[in-house]
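A quick write-up on the structure given underneath.
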Amino acid sequence: MKKPSRVLLLAAFAAAIGPAAAQDWPNKPVKWILSQPAGASPDITARLVADRLAKMWGQQVIVDNRPGGQNVIGAQLAAKSPADGYNYFWATTAALVSNPFTFKSLPYDPERDFVPVALIGKSPMVVAVNNSVPAKSLAELIALDKSQPGKLAAANEGAKTFGGMMSQALNIATGMRLLQVPYNGVAPALQDTVAGRTQVVLVSSGAMTPFIKRGDLRPIAVTSGRRVTGMENVPTLAETYPGFEYVGWFALVAPTGTPAEPVQKLNRDVNKVLADAEVSGRLRELGAIYDGPGTPLDLAEFLKAERARWAKLVKDIGLQPE
Numbered sequence: 090m091k092k093p094s095r096v097l098l099l100a101a102f103a104a105a106i107g108p109a110a111a112q113d114w115p116n117k118p119v120k121w122i123l124s125q126p127a128g129a130s131p132d133i134t135a136r137l138v139a140d141r142l143a144k145m146w147g148q149q150v151i152v153d154n155r156p157g158g159q160n161v162i163g164a165q166l167a168a169k170s171p172a173d174g175y176n177y178f179w180a181t182t183a184a185l186v187s188n189p190f191t192f193k194s195l196p197y198d199p200e201r202d203f204v205p206v207a208l209i210g211k212s213p214m215v216v217a218v219n220n221s222v223p224a225k226s227l228a229e230l231i232a233l234d235k236s237q238p239g240k241l242a243a244a245n246e247g248a249k250t251f252g253g254m255m256s257q258a259l260n261i262a263t264g265m266r267l268l269q270v271p272y273n274g275v276a277p278a279l280q281d282t283v284a285g286r287t288q289v290v291l292v293s294s295g296a297m298t299p300f301i302k303r304g305d306l307r308p309i310a311v312t313s314g315r316r317v318t319g320m321e322n323v324p325t326l327a328e329t330y331p332g333f334e335y336v337g338w339f340a341l342v343a344p345t346g347t348p349a350e351p352v353q354k355l356n357r358d359v360n361k362v363l364a365d366a367e368v369s370g371r372l373r374e375l376g377a378i379y380d381g382p383g384t385p386l387d388l389a390e391f392l393k394a395e396r397a398r399w400a401k402l403v404k405d406i407g408l409q410p411e
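The working numbering puts the sequence shown at residues 90 to 411.
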């Protein structure tokens, strides 16, 4: 009788320990690189989910903030991290989808350098106006703009940011001629609109929500396909302009080459955390939309569709990469 070959023995051993290895993961701290600053909505959400996972696993989940360069700094670092199942990237729309359209070259490849893990949440943009602006609806804002074209100024977080591109797309879709005023970040755009130096602002629901709750700004439309919880009286742009549906989002991805077992386990456990009523409620407070559990394959298909959507948007607004 022939003895089993060394190759067969090794294969059998690997098959035997594979499930056990997956069950043992994680057996040391897990790190998430985040390309947003501490205190921003993606950071708050990341730490909320990380804290729940740490309690579930009995292992620390480290959130490593690496902001700057329109998410390029964090994305590049994450792409070059060891693909060992312990390094992940809490990615934004800019990092994985829009940056290739705004930069002539990137130090990372959004499609090749990462594998999908889980979609966390979507963050629609909100169109709001200073309280002194007489328009109380999108139709009234359009009419006001047409009565004095080029006089209304719209603040955004930067010309080639998500908000900046949405603001330009808003002009194209509605026929308005809002004067585009790009700022270096969300905070000054909001502050100047509250102060009346600009009349309109378009930023993420997470950033906008506190200003709406305090009565500092008046929301008139959201960019998501459905109305946002907590702002049910605010219509979507798609209700008037079908097809105008653009949302920011954040997702977990891993460096390419990361083993499938930890990716699948992280996906399952993240879905468990997001299904928790307290967590989903907190997400809604932050202006995020959770669409329910999804697989890594679901995220891959979502990213493919988003890239096609952004290609059309960039063409429509005539954006040129720099």
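Think of the CB as a built atom: it goes at the ideal place given N, C-alpha and C, for glycine as much as any other residue.
Since we're looking at a predicted model, the values are computed, not measured.
Annotated three-state conformation of LEU123 is strand, per DSSP. Taking C-beta atoms under 8 Å as the contact rule, THR312 and ARG201 fail to qualify, at a distance of about 29 Å. Residues LEU195 and PRO199 of the same chain have their beta carbon placed closer than 7 Å to that of PRO189, with the five preceding and five following residues left out of the count. For the 9 Å CB-CB criterion, PHE192 and GLN165 do not form a contact. If you look at ASP153, you'll find it in the beta strand (DSSP E) that goes 150 to 154. Of all alpha-carbon atoms in LYS144, ARG307, MET320 and ARG155, the one lying nearest the alpha-carbon of GLY376 is that of MET320. Between VAL352 and GLY163, the C-beta spacing is not below 9 Å. The C-beta distance from GLY381 to ALA207 rounds to 12 Å, too long to meet the 8 Å contact threshold. In this structure, THR181 sits near TRP338, with a CB-CB distance shorter than 9 Å. Of all alpha-carbon atoms in PRO308, ALA389, GLU411 and VAL368, the one lying nearest the alpha-carbon of ALA139 is that of VAL368.
Residue environment for PRO308: buried (at least 16 other C-beta atoms within 10 angstroms of its C-beta).
Three or more Cβ pairs closer than 8 Å define a contact, and the region 357 to 371 falls short of that threshold against the region 148 to 156. Counting other Cβ atoms within 10 Å of its Cβ, MET145 stays below 16 and is therefore classed as exposed. In terms of Cβ geometry, GLN149 and PRO171 do not form a close pair [threshold 9 Å]. For GLY252, the enclosing alpha helix (DSSP H) begins and ends at 251 to 263. Taking C-beta atoms under 8 Å as the contact rule, GLU334 and ALA327 qualify, at a distance of about 5 Å.
For VAL218 against GLU246, the beta-carbon gap comes to about 17 Å, at or over 8 Å, which does not count as contact. Our two residues, ASN260 and GLU350, have alpha carbons roughly 46 Å apart in a direct line.
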